[in-house]
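A quick write-up on the structure given underneath.
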Amino acid sequence: MSSHGEAIPMIARRSQGLRGEAHVPGDKSISHRSLILGAMAVGETKVTGLLEGQDVLDTAKAMRAFGAEVEKRGDTWHVQGVGVGGFSEPGQVIDCGNSGTGVRLIMGAMATTPIAATFTGDASLNKRPMARVTDPLALFGAQAHGRSGGRLPMTILGARDPLPVRYATPVPSAQVKSAVLLAGLNAPGQTVVIEREATRDHSERMLTGFGAEVVTEDTPEGRVITLTGRPELKPQVIVVPRDPSSAAFPVCAALITEGSDVLVPNIGLNPTRAGLFFTLQEMGADLTFENPREEGGEPVADLRARFSPDLKGIEVPPERAASMIDEYPVLSVVAAFAEGRTHMPGVRELRVKESDRIDAMARGLRANGVEVDEGEDWWTVTGRGHGNVPGGAEVQSHLDHRIAMSFLVMGLGTTEPVWVDDGGPIATSFPVFEPLMTGLGADIARGA
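Structure representation (C-alpha cells):
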C-alpha cells in the first residue's frame, strides 16, 4: 500500500520512439534547503521552480510548525523567516512522510535551539536509521529519544547551550553533513565537518548564498568544511534548477527505447550530482550536454538522450558513488540492456535508503530475466543486450519511489510488460512522472 492511500498498481509496455521535451520537476535537494534556510533567515525568501512533491510539501509544513510563514502565491513560494535560533516549539508531531532528507535536515536545523520536537514518518521512513544524524547532533548537546535502533518516532531536545563541533563523517552522506552544518548555525565559534569522500555540496553553496561564512578545503584527511556560527542569514531570491535525479528517468528511458530522441532542459549538473550522466556516456550512451550555463551558482545544461542500442557494461568507479547514489536503481535497468557486466562497488548506502535498494532491484531484475550478483556494498548486473530482456513479471516497489519508476522505465524496453505493485510513492518526488512519460510516447498506465 502507498504511504498516502491505497496501492496504485502500474504497468509499462514495450514502446518505440519517445520524443519531445521532458520538463522534470525542480531539484529536490535544493527545494528542501531553500525552505529550511529561508525559514532561518531574517526577512522574506522567494523561491520559484520548487519541487511540489509530497516530500518537499512536508518540509514546508514543518517550517510552518516551527514558526516560519510559508505560502505559495502564483508561481512563487514566499518564506518569512524567523532567524537563526528563532524556531518556536511546534505544537504537533512533525510528519516528514517518506523523506529522509527532510527529517534529517530539519533535525539538524532545530538541534541547537532549546525546544523539543517529535518526528515521525510513513512506514518506510520509520524503518530508516537516524543515529547517523543524532550521534553528531548529540555532540552539540542535543538529546534524541526514539525507538530501538535509533528509529522514528523520535523526540529531539535541542541543546540549551550548544557547543561547536568537529566531526568526521563515517560514511559519505550529504544528509549527515548538512544536518551538522545546519546545527552549527546556532552554535558559537566554528563547526567543522570532514568528509573522506566529497558529497553533494548544495548546502555549502546555499549557506554561502544566504550570507553564512563557509570555507571548504581539500586536505590529505579529506574535504574540510568550516562554518562560522551565529550569522544573520539574509533572505534570497532562489530559482531552483531542475532535478538531475528526476531527469535520470526520461534520459534512461530514451537510451533503451528504440527510435527515441528526448531533450531534458535546464538540468542541474553540479559535479557532486552528475555522476550518472558521465557513467552512461562511458557505457556508450548517445547523451550530450547542450547550452551549458550557470544559474544561481549551479552549473546547468540541456540533456539530449537518443536510443543507444550498443551499450556496454563497465566498472563504475567506487569514488563516484556519492555523486549518483540515488541513480543506481535506474542505472541497473540500463545495465540490463547493455552487453556484458556492469559492476557497481562502494554502494553500501543503498541498503538504508527508502528501501534496501540493492535487494529490491536485484529481486525485480531477476524476476524479469536478468542475472544479478550482490554483496553488502556492491552489486553486478549482467546485461542481455538490446531486445533480449524478457520482462513479464510483477515487482514490489517497497514504498520506494525510485524503485517504482526504475521498473516502469524497464518495461518500456522489455519483450513483455513489467508490472509494479504500487506506483503511489512516485508522488513524493516526481508527481508528474506518469503524464510526462506518456507525453513522450511511453506506454505506462495504471491498473493491474
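Numbering-wise, the sequence shown is residues 1 to 448 according to UniProt numbering.
Cβ atoms here follow ideal geometry from the backbone N, Cα and C, with glycine treated the same way.
Between the alpha carbons of H343 and G275 lies a gap of roughly 15 Å.
Between the region 198–205 and the region 155–164, the count of C-beta pairs closer than 8 Å stays below three; the two stretches do not touch. Annotation note: the region 197–222 contains the following uninterrupted alpha helix (DSSP H) runs of length 4 or greater, listed N- to C-terminal: 202–209. A distance below 6 Å between beta-carbons, with the five flanking residues on each side excluded, links D310 to the following residues of its chain, in chain order: G284. Under the three-pair Cβ rule at 8 Å, the region 286–300 does not count as touching the region 345–363. CA-CA distance, G100 to D326, rounds to 12 Å.
Membership of P136 in the alpha helix (DSSP H) is indicated by the continuous run 131–140. R348: not part of any beta strand (DSSP E); DSSP gives it neither H nor E. Judged by DSSP in its simplified three-state form, V316 adopts coil rather than helix or strand. Restricted to the region 60–86, the beta strand (DSSP E) segments that are unbroken, complete and at least 3 residues in length are 69–73, 76–82, listed in chain order.
With the rule of 3 Cβ pairs closer than 8 Å, the region 314–324 does not count as touching the region 361–373. By the Cβ neighbour-count rule, A65 is buried, with 16 or more other Cβ atoms within 10 Å of its own. Contact annotation: E354 and G391 have beta-carbon atoms that are not nearer than 8 Å. DSSP, reduced to helix, strand and coil, places T228 within a strand of the structure shown. In this structure, DSSP gives E354 a state outside helix and strand, which the three-state scheme calls coil. Exposure of S88 is indicated by the presence of fewer than 16 other C-beta atoms within 10 angstroms of its C-beta.
Of the residues A111, R13, L18, the one whose Cα lies closest to the Cα of M40 is A111. Linking T45 to P235 through their CA atoms gives a straight-line distance of about 5 Å. Pairing E21 with P265 gives a Cβ-Cβ distance under 8 Å.
Residue nearest to A62 within the set V84, V47, L105, Q143 is L105 (criterion: CA-CA distance).
Around the beta-carbon of G383, 16 or more other beta-carbon atoms lie within 10 Å, marking it buried.
Residue pairing by DSSP places E376 opposite no residue, since no beta bridge is assigned to it. Remark: C-beta atoms of G313 and R341 approach each other more closely than 8 Å. Cβ atoms of E232 and T216 stay farther apart than 8 Å, at about 21 Å. If you check the CB distance, G53 and P431 come in under 8 Å. Partner residues in the beta bridge of T155, as assigned by DSSP, are T118, H145.
Short of 6 Å from the beta carbon of E195, and not among the five residues preceding or following it, lie these beta carbons of its own chain, in chain order: T169, G222, R223.
Put simply, the backbone Cα of G150 is about 16 Å away from that of A117. DSSP places N388 in the coil class of the three-state scheme, outside both helix and strand. Residue D243 holds the alpha-carbon nearest to the alpha-carbon of K28 among F277, L408, D243, V192. The Cβ atoms of V330 and A445 lie no closer than 8 Å to each other.
Under DSSP, R306 shares a beta bridge with D261, D286. Under the 10 Å beta carbon count, E213 is surrounded by fewer than 16 other beta carbons and is classified as exposed. Between D261 and M405, the alpha-carbon positions lie close to 20 Å from each other. A direct Cα-Cα distance of roughly 49 Å separates L440 from V165. Apart from sequence neighbours up to five positions away, the residues of its chain that approach H145 with a beta-carbon distance below 7 Å are M154, T155, ordered along the chain.
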